[in-house]
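Notes follow once the structure below has been shown.
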Amino acid sequence: MIVIVSGSGHRPARPLLRGLGGARLVTPRTLAGPGTRCDPADLPAATLGTRCGTLAAGDVTAVLACLPAVTPWDLPHIAGPERSFVAAELTALLALWLQAPALVVNRPVPGSLCGRGLDPGDARWAAVQAGLPITARSRAETRLTLVGDRVLPGGADPAAAELVRALAKALDATVLCVRLAREPDRGWCVHGVEPWWQAADGEVTAALGALIAEGAR
Amino acid sequence: MILLWGHPEERPFARVLRALHARGADPLVLDQRRPMTVTSGTVRTAGASWDLAGVKAAYLRPYDAARLPAVTRSPARTALTRHARRAAPALCAWADHAPALVVNRPSASATNAAKACQGLLVEAAGFAVPPSLVTDDARALAEFAAEHGAVVVKPGSGIRARVALADVHDPDRMARLATCPTLFQRHIPGEDVRVHVVGDRTFAVRLVSDAVDYRVRDAALKQSTVELPGDLTERCVALARALGLVVAGIDLRMTPEGDWFCFEANPAPAFTFFAGADQVAEAIADLLHAHRPSS
Chain A
1 MIVIVSGSGH RPARPLLRGL GGARLVTPRT LAGPGTRCDP ADLPAATLGT RCGTLAAGDV
61 TAVLACLPAV TPWDLPHIAG PERSFVAAEL TALLALWLQA PALVVNRPVP GSLCGRGLDP
121 GDARWAAVQA GLPITARSRA ETRLTLVGDR VLPGGADPAA AELVRALAKA LDATVLCVRL
181 AREPDRGWCV HGVEPWWQAA DGEVTAALGA LIAEGAR
Chain B
1 MILLWGHPEE RPFARVLRAL HARGADPLVL DQRRPMTVTS GTVRTAGASW DLAGVKAAYL
61 RPYDAARLPA VTRSPARTAL TRHARRAAPA LCAWADHAPA LVVNRPSASA TNAAKACQGL
121 LVEAAGFAVP PSLVTDDARA LAEFAAEHGA VVVKPGSGIR ARVALADVHD PDRMARLATC
181 PTLFQRHIPG EDVRVHVVGD RTFAVRLVSD AVDYRVRDAA LKQSTVELPG DLTERCVALA
241 RALGLVVAGI DLRMTPEGDW FCFEANPAPA FTFFAGADQV AEAIADLLHA HRPSS
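Next up, the structure:
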């Protein structure tokens, strides 16, 4: 089973939700007990309690992590004064659950359930550290998405595709959506990043499906 | 340049600032309660700006500025909150990548926001961690308690709340459990030892209290500085390094049988609560001061 974990902000694009047949969407709002049991010493046996029944880690082949953290805005059903606390606890729970041995795209890092490649500031500093060119232009010219080793849409300028690959390596991201702009004297430069799951079209979704199938083998 | 970011009246911050002043340093203090912008490696406050490339060492103790009373009570709270919400992520992004000594990098500090997850790293570093369960299921908790005996409940996130014994027979509490997955751990009896790691130095304090959580106000608490036995000093330094922390407050407990458990590594320890706080502040100041540019 493929699981898409998403919050109320930055919802996944429709092709992603429709294109991965049978994928189960888990949102903070659907996380409702009882049924959650996560023993850090036995994560393959972990379960999540959801409104649609219990989700066993052992049944999950891949997880698409599409939120950096659970926020109070994800939890309108929780009483106001408790929302921040419950949001922080659910974030901590998901951070643990995502350590279970399924393919997770992108692997969580401390402070972000969906790995790096979402925070524009982080991406720009990472680019600078990796010696990649960045631009201060107000507008990007193009947007490319890396899925595994494929850069989409196909037929992108090879120099731009190489820049995306290099940034993904610097951010340790398997999937990454990068905005680029071309400077007259420096060529393609990193303009910023954005949530890949919002930019996912049919081509990106198909590539993700192939990546998951490959990872499951 | 040495940079300090946080709330200058907060005790650990103030103590480190004082120790830096005593060394003749004149650090850049970024007060979270004041308007500030961070763009393209430059930080600007009212009437001044600094290039972050000049920062050789930084001590970060930021709070959520939007919740600081000085901000929430200010007539300019909307503008202050807006400034803080923009500046904080930008400064954190810089701090995660800066080629400077950063105490501590935000990404390393974030391990403490998911305690069971941090426990996996603590265990990988060679410390015993109490058996744990994150659950919203009263039946699972009852089984856990049947296996482990007394169980404590604590926040699984970085939100501070006291640790307490869990009453698995209280039907009201068990009914409420379903509203939020909660971290439970086997209760480990014994004596607490807080170890402050500063670079490769350690400062240990033995804490004797009858309370489950010695931090509660009415706990009769006795503190004394101690030397760590065996190789614990090296192991604590190694744990802090493994977590990417330059400074850490490591919570250990020694059982009556002499076994050691580690509960967590705090990336922003409130060391002023503990005996020997001046030594910790001096050590942090030494570390920061050693990274100043040579004149």
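Quick mapping for you: the protein sequence lines, in order, are chains A and B.
Under full-length UniProt numbering, the first residue of the first sequence is numbered 1, with each subsequent residue one higher.
Under full-length UniProt numbering, the first residue of the second sequence is numbered 1, with each subsequent residue one higher.
From the three backbone atoms N, C-alpha and C, an ideal C-beta is built for every residue, glycine too.
In the DSSP assignment, residue 41 (chain A) falls outside any alpha helix (DSSP H) and carries neither an H nor an E. Per DSSP, the unbroken alpha helix (DSSP H) holding residue 169 (chain A) starts and ends at 158–171. For residue 115 (chain B), the enclosing alpha helix (DSSP H) starts and ends at 115–124.
For residue 194 (chain A), not one C-beta of chain B is nearer than 9 Å to its own C-beta.
Judged by DSSP secondary structure, residue 57 (chain B) falls within the beta strand (DSSP E) whose first and last residues are 57–60.
DSSP lists B:254 as the beta-bridge partner residues of residue 191 (chain B).
Cβ contact annotation for residue 215 (chain A) (same chain, cutoff 7 Å, sequence separation greater than five): 62 and 103, in chain order.
The criterion of a C-beta distance shorter than 9 Å is satisfied by residue 2 (chain A) and residue 24 (chain A).
Annotation for residue 65 (chain A): the continuous beta strand (DSSP E) segment containing it runs 62–66. Taken through DSSP and simplified to helix, strand or coil, residue 209 (chain B) comes out as coil. Taking C-beta atoms as the reference points, residue 181 (chain A) and residue 130 (chain A) fail to come closer than 9 Å.
Contact check for residue 284 (chain B) against residue 198 (chain B) passes: the beta carbons are separated by less than 9 Å. Residue 148 (chain B) and residue 186 (chain B) do touch by the CB rule: their CB atoms are close to 4 Å apart, below 8 Å. When the beta-carbon positions are compared, residue 38 (chain A) and residue 46 (chain A) come within less than 9 Å of each other. Looking at B:121, B:88, B:48 and B:14, the one whose alpha-carbon comes closest to that of residue 244 (chain B) is B:121.
Interface annotation, residue 149 (chain B): not in contact with chain A, CB-CB separation never under 9 Å. A distance of 9 Å or more separates the beta carbons of residue 42 (chain B) and residue 35 (chain B). Put simply, of A:117, A:67 and A:149 the residue whose alpha carbon is nearest the alpha carbon of residue 207 (chain A) is A:149.
Residue 99 (chain B) and residue 110 (chain A) have their C-alpha atoms spaced approximately 20 Å apart. Cβ atoms of residue 12 (chain A) and residue 4 (chain A) come within 8 Å of each other, at about 6 Å. In chain order, 42 and 43 place their CB closer than 8 Å to the CB of residue 49 (chain B), counting only its own chain and leaving out the 5 sequence neighbours on each side. In this structure, the straight-line span from the alpha carbon of residue 105 (chain A) to that of residue 64 (chain A) is close to 5 Å. One alpha carbon belongs to residue 256 (chain B), the other to residue 6 (chain B), and they sit about 40 Å apart. In terms of CA proximity to residue 171 (chain B), B:138 leads the group B:138, B:61 and B:163. In the DSSP annotation of this structure, the continuous segment of the beta strand (DSSP E) that includes residue 182 (chain B) starts and ends at 182–186. Interface with chain B (9 Å Cβ-Cβ cutoff): residue 101 (chain A) is excluded. Around the Cβ of residue 27 (chain B), a 10 Å sphere holds 16 or more other Cβ atoms; the residue is buried. With fewer than 16 neighbouring CB atoms inside 10 Å of its own CB, residue 165 (chain B) falls in the exposed class. Proximity of residue 151 (chain A) to chain B, defined by a Cβ-Cβ separation below 9 Å, is not satisfied. DSSP places residue 147 (chain A) in the strand class (E or B) of the three-state scheme.
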